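What follows is the structure, given as structure tokens:
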């Protein structure tokens with residue numbers, strides 16, 4: 274379930290609070306975000322919010338942790354053919370045709386990510402999410418290698434490269450002229466898939482060796 | 274000449290002011306930066322600074338424009354063998370062993386880049402720098418294709434992909450746990466070169482066709 278839909282029907286107070294943070298963050302961006310603006314989106318007791326969080330950063334770090342849990346629980350299962358599993362993962366992490374809401378959320382995440390340059394609590398969250406995606410990629414590549422459909426290469430290196438490309442495409446989407454952004458992200462995605470095939474798939478000659 | 278060295282021996286007032294901005298930005302980061310802190314690094318008339326810039330953002334956008342001019346004038350000449358030219362460009366844009374000062378600057382640039390998610394003046398600068406690097410890459414790829422050493426493929430798509438990977442490696446460097454960052458960037462760089470060779474270099478079979 275996409276994050277936005279999850280927040281449409283929250284099942285507990287934490288989800289409600291995280292949904293309010295999500296809405297306020299998408300609407301105002303990081304710089305203009307205040308606890309007051311999050312509170313405006315929060316239907317429950319305002320005092321609960323003010324009692325638990327001293328600053329917007331404290332709340333946003335918890336929000337990132339929530340987003341990461343959501344990522345971990347919704348990342349596509351690794352049960353397809355290895356090449357299809359890679360594609361599903363890319364569909365999930367690098368959609369080529371994001372909705373307006375997804376685009377707003379990508380912008381907000383890029384703003385939060387920049388906080389990690391100076392704030393350790395943010396850095397911890399982004400290190401975790403990077404490792405989560407990296408580990409999933411390594412698992413898929415290893416499985417393909419064990420099945421003999423992928424070439425023997427250093428899975429860890431290829432995975433680090435894929436994560437960097439996804440991060441770069443996201444930051445470009447959020448920070449460069451939006452008239453060219455869509456076609457740019459599509460190009461990056463197409464080329465990434467082509468490179469992965471060139472690196473991973475054994476050629477007929479190799480296969481018959 | 275690296276940017277830091279340029280600022281060590283400025284030749285005019287603009288370079289001095291940009292040098293002061295560079296030092297203050299590296300020292301304090303975006304969030305803690307103030308015109309006062311830039312002024313503290315500026316040896317000339319403080320009133321000059323206060324009269325010309327209403328906000329730190331105005332000064333930082335000019336700083337980015339200056340950095341971009343520097344990038345354009347120092348980007349390696351495209352006169353080597355095409356594959357070597359690609360490597361020189363990567364050495365320039367994605368150093369695998371950045372100095373402490375370069376790392377601080379990368380963190381600052383990532384913070385400025387996030388401003389582009391909400392501020393058009395920043396976005397314009399980052400769109401320009403993206404296009405500058407993209408165009409240089411396309412020129413090198415086209416030259417290699419004209420010389421028959423590179424495969425005929427869509428240069429624009431491959432270039433967009435390379436720029437995204439460089440951006441992603443930079444943002445990872447600035448925002449994830451620094452104990453693993455060095456080896457992570459080295460992996461991304463090694464894999465990027467391997468992918469470029471796999472995509473660009475004709476195999477012996479193709480060459481004799």
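Residue numbers (our numbering), protein chains in the order written: chain A, 274 to 482; chain B, 274 to 482. Cβ atoms here follow ideal geometry from the backbone N, Cα and C, with glycine treated the same way. All values derive from a computational prediction rather than experimental measurement.
Discussion item. Helix, strand or coil, according to DSSP, for residue 348 of chain B in the structure here?
Written reply: By 1-based counting over the second chain, the position of residue 348 of chain B is 75. Coil at residue 348 of chain B, not helix or strand.
Worksheet item: Using 7 Å as the limit for Cβ to Cβ distance, is residue 329 of chain A near chain B?
Response: Position 56 of the first chain, counting from 1, holds the residue named residue 329 of chain A. It does not; no Cβ of chain B falls within 7 Å.
Worksheet item: For residue 378 of chain B and chain A, any beta-carbon pair shorter than 7 Å?
Response: The residue you call residue 378 of chain B lines up with position 105 of the second chain. Output row for residue 378 of chain B: interface = no.
Practice prompt. Compare the C-beta of residue 402 of chain A with all C-beta atoms of chain B and state if any pair is closer than 7 Å.
Written response: Indexing the first chain from 1 puts residue 402 of chain A at position 129. By this cut-off, residue 402 of chain A is not an interface position.
Worksheet entry | Cβ-based contacts, 9 Å cut-off: residues of the segment 431 to 455 of chain B near chain A | 431, 432, 433, 434, 435, 436, 437, 438, 439, 440, 441, 442, 443, 444, 445, 447, 448, 449, 450, 451, 453
Worksheet entry | C-alpha gap between residue 292 of chain A and residue 365 of chain A, whole angstroms | Locating residue 292 of chain A in the first chain gives position 19, counting from the first residue. Locating residue 365 of chain A in the first chain gives position 92, counting from the first residue. Taking the straight line from one Cα to the other gives about 20 Å.
Fill in: 3 or more residues per run - each beta strand (DSSP E) lying fully within the segment 282 to 329 of chain B
List check, beta strand (DSSP E) in window: nothing returned.
Practice prompt. Answer yes or no: do residue 226 of chain B and residue 414 of chain B have a C-beta to C-beta separation smaller than 7 Å?
Written response: Since the first and last residues shown for chain B are 274 and 482, residue 226 of chain B lies out of range.
Worksheet item: Taking Cβ positions only, does residue 417 of chain B come closer than 7 Å to chain A?
Response: Counting from one through the second chain, the residue named residue 417 of chain B turns up at place 144. Answer no: the Cβ-Cβ gap between residue 417 of chain B and chain A never drops below 7 Å.
Fill in: Test item: CB-CB of residue 392 of chain B and residue 336 of chain B under 7 Å
To locate residue 392 of chain B, count along the second chain from 1; it is residue 119. To locate residue 336 of chain B, count along the second chain from 1; it is residue 63. Not in contact: residue 392 of chain B and residue 336 of chain B (Cβ atoms no closer than 7 Å).
Discussion item. Less than 7 Å between C-beta atoms, sequence neighbours within five positions excluded: which residues of the same chain meet that for residue 345 of chain A?
Written reply: As a position in the first chain, residue 345 of chain A is number 72, starting the count at 1. Hits under 7 Å: 405.
Worksheet item: So is residue 475 of chain B in contact with chain A if we call contact Cβ pairs under 7 Å?
Response: Position 202 of the second chain, counting from 1, holds the residue named residue 475 of chain B. No, its Cβ sits nowhere closer than 7 Å to a Cβ of chain A.
Item to complete: Can you have a look at residue 287 of chain A and say buried or exposed, based on whether 16 or more other CB atoms are within 10 angstroms of its CB?
Response: Translated into positions along the first chain, residue 287 of chain A becomes position 14. Classification for residue 287 of chain A: exposed.
Worksheet item: Can you list the alpha helix (DSSP H) stretches of 4 or more residues lying completely in the segment 383 to 457 of chain B, in chain order?
Response: As summarised for the segment 383 to 457 of chain B, the continuous alpha helix (DSSP H) elements at least 4 residues long and confined to that stretch are 393 to 419, 428 to 448, given in chain order.
Worksheet item: Along the chain, where does the alpha helix (DSSP H) that runs through residue 476 of chain A open and close?
Response: Position 203 of the first chain, counting from 1, holds the residue named residue 476 of chain A. Residue 476 of chain A -> no alpha helix (DSSP H), and no H or E assigned at all.
Worksheet item: So, is the C-beta of residue 387 of chain B closer than 7 Å to a C-beta in chain A?
Response: Taking the first residue of the second chain as 1, we reach residue 387 of chain B at position 114. Closer than 7 Å to some Cβ of chain A, the Cβ of residue 387 of chain B qualifies, so yes.
Worksheet item: Considering residue 372 of chain A, what are the terminal residues of the alpha helix (DSSP H) in which it resides?
Response: The residue labelled residue 372 of chain A in the question sits at position 99 within the first chain. Element bounds for residue 372 of chain A: n/a, residue is neither H nor E.
Worksheet entry | Euclidean distance between Cα positions of residue 461 of chain B and residue 467 of chain B | Along the second chain, read from residue 1 onward, the residue named residue 461 of chain B stands at position 188. Along the second chain, read from residue 1 onward, the residue named residue 467 of chain B stands at position 194. Roughly 10 Å separates the two Cα atoms.
Item to complete: Assuming residue 329 of chain B and residue 306 of chain B form a contact by the criterion Cβ under 8 Å, report the distance between their Cβ atoms to the nearest whole angstrom.
Response: Taking the second chain and counting its residues from 1, one reaches residue 329 of chain B at position 56. Taking the second chain and counting its residues from 1, one reaches residue 306 of chain B at position 33. That pair is a contact at about 6 Å.
Worksheet item: Can you name the residues of chain B whose CB is closer than 7 Å to the CB of residue 421 of chain A?
Response: Position 148 of the first chain, counted from the first residue, corresponds to residue 421 of chain A. Near residue 421 of chain A there are no residues of chain B at all, since even the closest Cβ is about 20 Å away, more than 7 Å.
Item to complete: Starting from the Cα of residue 381 of chain A, find the closest Cα among A:431, A:334, A:464, A:459 and give me that residue.
Response: Translated into positions along the first chain, residue 381 of chain A becomes position 108. Of the candidates A:431, A:334, A:464, A:459, the one whose C-alpha sits nearest the C-alpha of residue 381 of chain A is A:334.
Practice prompt. Answer with yes or no whether the minimum CB distance from residue 315 of chain A to chain B is below 7 Å.
Written response: Counted from its first residue, the first chain places residue 315 of chain A at position 42. Cβ-Cβ to chain B under 7 Å: no for residue 315 of chain A.
Discussion item. Using CA atoms only, rank isn't needed, just tell me which of B:449, B:340, B:448 is closest to residue 277 of chain B.
Written reply: Here residue 277 of chain B is taken as the residue at index 4 of the second chain, counted from 1. Nearest C-alpha to residue 277 of chain B: B:340.
Practice prompt. Sort B:374, B:459, B:476, B:401 by Cα distance to residue 367 of chain B and report the nearest one.
Written response: Numbered from 1 along the second chain, position 94 holds the residue referred to as residue 367 of chain B. Measuring from the Cα of residue 367 of chain B, the nearest candidate turns out to be B:459.
Practice prompt. Spatial neighbours of residue 447 of chain A within its chain, please: CB distance less than 6 Å, with the 5 preceding and 5 following residues excluded, ordered by chain position.
Written response: By 1-based counting over the first chain, the position of residue 447 of chain A is 174. Hits under 6 Å: 379, 380, 383.
Worksheet item: Who are the near neighbours of residue 361 of chain B in its chain, counting only those whose CB is closer than 6 Å to its CB and skipping five residues on each side?
Response: In the second chain, counting from the first residue as 1, residue 361 of chain B sits at position 88. Once the five neighbours on either side are set aside, the close Cβ partners of residue 361 of chain B are 349.
Practice prompt. Leaving aside the five residues before and after residue 432 of chain A along the sequence, list all residues of the same chain whose C-beta is less than 6 Å from its C-beta, in chain order.
Written response: Here the question's residue 432 of chain A lines up with position 159 in the first chain. So the qualifying residues of the chain are 407, 410, 411.
Practice prompt. Could you check the C-alpha separation between residue 357 of chain B and residue 351 of chain B for me, to the nearest Å?
Written response: Here residue 357 of chain B refers to the residue found at position 84 of the second chain. Here residue 351 of chain B refers to the residue found at position 78 of the second chain. If I take the Cα positions, the gap works out to 9 Å.
Discussion item. Once the 5 residues before and after residue 282 of chain A are set aside, which same chain residues still bring their CB inside 7 Å of it?
Written reply: One-based indexing of the first chain puts residue 282 of chain A at position 9. No residues qualify anywhere along the chain.
Item to complete: Would you verify that the beta carbon of residue 481 of chain A is, or is not, closer than 7 Å to some beta carbon of chain B?
Response: Stepping through the first chain from its first residue, residue 481 of chain A is reached at position 208. Confidence at residue 481 of chain A is low in this model, with a pLDDT of 44, below 50, so its placement is unreliable and no value can be given for it.
Worksheet item: Does any C-beta atom of chain A lie closer than 7 Å to the C-beta of residue 394 of chain B?
Response: By one-based count along the second chain, residue 394 of chain B stands at place 121. By this cut-off, residue 394 of chain B is not an interface position.
Practice prompt. Compare the beta carbon distance of residue 312 of chain A and residue 321 of chain A with 7 Å and say whether it is the shorter of the two.
Written response: Indexing the first chain from 1 puts residue 312 of chain A at position 39. Indexing the first chain from 1 puts residue 321 of chain A at position 48. Cβ distance not < 7 Å, so residue 312 of chain A and residue 321 of chain A don't count as in contact.
Discussion item. Any beta carbon from chain A within less than 7 Å of residue 360 of chain B's own beta carbon?
Written reply: As a first step, residue 360 of chain B is located in the second chain; it is residue number 87 there, counting from the start. Judged by the 7 Å Cβ criterion, residue 360 of chain B is not in contact with chain A.
Item to complete: Would you kindly report the start and end of the unbroken alpha helix (DSSP H) that includes residue 484 of chain A?
Response: The question about residue 484 of chain A has no answer here: the residues shown for chain A are numbered 274 through 482.
Worksheet item: Do the CB positions of residue 371 of chain B and residue 422 of chain B come within less than 7 Å of each other?
Response: Working through the second chain from its first residue, we reach residue 371 of chain B at position 98. Working through the second chain from its first residue, we reach residue 422 of chain B at position 149. No, the Cβ-Cβ distance between residue 371 of chain B and residue 422 of chain B is not below 7 Å.
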